[in-house]
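Trainee: Right, I'll just put the structure down here and ask away after.
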Amino acid sequence: MSPILLNGIGTVNDHSEYIEPEVPFKNPQIHVKNPHLDTMEEDILYHFNLGTKTHNLPGMFGDIKFVCVGGSANRMKSFAQFIHQELALPGNMDAITDICEGTDRYSMYKVGPVLSISHGMGVPSISIMLHELIKLLHHARCIDFVLFRIGTSGGVGLAPGTVVVTDKAVDCFFRAQFEQVVLGKVITRSTELDVGVSKELLQCSSELEDVPTIIGNTMCTSDFYEGQGRLDGALCSFSTEDKLEYLRKAYNTGVRNIEMESTVFAAMCHACGIKAAVVCVTLLNRFDGDQISTPHDVLVEYQQRPQVLVAHFIKKRLGLIV
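Quick note on full-length UniProt numbering: the sequence shown kicks off at 1 and runs consecutively.
Written as structure tokens, this is what we have:
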């Protein structure tokens, strides 16, 4: 049985699997793939506490050129304050307010042309945020922007503190794809990220001190413990050697770090033609252990490294650094 064309937007194969078609990284315009949006009188971005009727989205967000998302609300507020300082913007950085203060789901801060948003932990949480973020950028008519995920991860064969710029986001089978069940069918989307942005970030890292950076594959899992081969969870069904064998397989396929958001992030950005990058620091080498026992002050410095790298990228793009 041949694949069936679905309204020109993809195919379903013999196993009821929908395969998302390729979309080039174009940006300036977002390719929002939902014809129903055009028929809606109002679009309520529920988890942001924003809407097309209640807010002037083009006026509020139309000048955005860089969007940075990360798991922790406190970390993304700190990043917004850091960017405010790095861009030497007027006003008090401590006076930056949460645009989404009417909800406790996500936090959002706007600093000049930079938007900083928290996404929580795991694929479901970041997926909800990305749907509303992409629609927000669409309604605001944003063009020529870059979207970053900045965060932490477990390293695979890397020294703690190494920053990994994701080449390919892969699943737990090391496949560069994201699968989701929709209406009883498995949707498969590519997790390709923009190569140009990755190379530009790597070049930026060479201009910084104490931000060791590589490009490598990032494995995304649905769990922090068993799903990542940890031996220290409440449940564990495998041996130490089983864990190490799996990590060796991951390493041999090019995986250099593990986290819980990259595949859906890459898939949604790719499907909408958004230039994007995943930039995560490693907090430990998983070959050496499972628990994060590094002193707090060292961890804080590690967590700042992706922020420093992305800030340098932004300043170069804005012409503030030659």
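Every residue gets a Cβ at the ideal spot worked out from N, C-alpha and C, and that includes glycine.
Remember, predicted model here, so these are calculated numbers, not experimental data.
Candidates 64, 295, 264: which alpha carbon is nearest residue 171's?
Mentor: Minimum Cα distance to residue 171 is reached at 264.
Trainee: Just how far apart, CA to CA, sit residue 231 and residue 283?
Mentor: Straight-line Cα distance between these residues: approximately 17 Å.
Trainee: So for residue 27, helix, strand or coil by DSSP?
Mentor: At residue 27, the pLDDT of 49 sits below 50, so the modelled position is not reliable and the matter cannot be decided from this model.
Trainee: Taking the runs of the beta strand (DSSP E) that are 3 residues or longer, which of them lie wholly in the segment 201 to 254?
Mentor: You should have 213 to 220.
Trainee: Got a sec, what are the start and stop residues for the alpha helix (DSSP H) residue 272 sits in?
Mentor: Where residue 272 is concerned, there is no enclosing alpha helix (DSSP H), given that its DSSP letter is neither H nor E.
Trainee: Does the segment 47 to 64 touch the segment 133 to 149, meaning 3 or more C-beta pairs lie closer than 8 Å?
Mentor: Contact holds: three or more Cβ-Cβ distances are below 8 Å.
Trainee: Taking residue 323 as the reference, give the member of 86, 46, 146 with the closest Cα.
Mentor: The structure shown does not extend to residue 323, since the chain is modelled only from 1 through 322, so no value can be given for it.
Trainee: Quick test of your reading: residue 279 and residue 201, contact by CB under 8 Å. State the CB separation rounded to the nearest angstrom.
Mentor: Yes, they are in contact, since the Cβ atoms of residue 279 and residue 201 sit about 6 Å apart, within 8 Å.
Trainee: If residue 119 sits next to residue 71, beta carbons under 8 Å apart, how far is it from one beta carbon to the other, in whole angstroms?
Mentor: 6 Å between Cβ atoms; contact.
Trainee: CB residue 156 to CB residue 309, shorter than 8 Å?
Mentor: It is not a contact, given that the beta carbons lie outside the stated cut-off.
Trainee: What are the boundary residues of the beta strand (DSSP E) that includes residue 180?
Mentor: Where residue 180 is concerned, the enclosing beta strand (DSSP E) stretches over 177 to 182.
Trainee: Where do the ends of the alpha helix (DSSP H) carrying residue 117 lie?
Mentor: Taken as a continuous stretch (DSSP letters only), residue 117 belongs to no alpha helix (DSSP H), being part of the beta strand (DSSP E) at 114 to 118.
Trainee: Please go through the same chain and pick out, in chain order, the residues whose beta-carbon is closer than 7 Å to the beta-carbon of residue 291, but skip the five residues on each side of it.
Mentor: Excluding sequence neighbours, residue 291 sits near 232.
Trainee: Could you check where the alpha helix (DSSP H) with residue 317 kicks off and where it finishes?
Mentor: Unbroken alpha helix (DSSP H) run through residue 317: 296 to 317.
Trainee: For residue 186 and residue 215, I'd like the C-alpha separation in whole angstroms.
Mentor: Cα-Cα distance, rounded: 30 Å.
Trainee: Residue 293 by DSSP, collapsed to three states: which one?
Mentor: In the structure shown, residue 293 sits in coil (DSSP, three-state: anything other than H, G, I, E or B).
Trainee: Around the Cβ of residue 169, are there at least 16 other Cβ atoms within 10 angstroms (buried) or fewer (exposed)?
Mentor: Buried, since its Cβ has 16 or more Cβ neighbours within 10 Å.
Trainee: Alpha carbon to alpha carbon, how far is residue 109 from residue 318? Give it in angstroms, no decimals.
Mentor: Roughly 19 Å between the two C-alpha positions.
Trainee: Whose C-alpha, out of 207, 270, 81, is nearest the C-alpha of residue 95?
Mentor: It is 81 whose Cα lies nearest to the Cα of residue 95.
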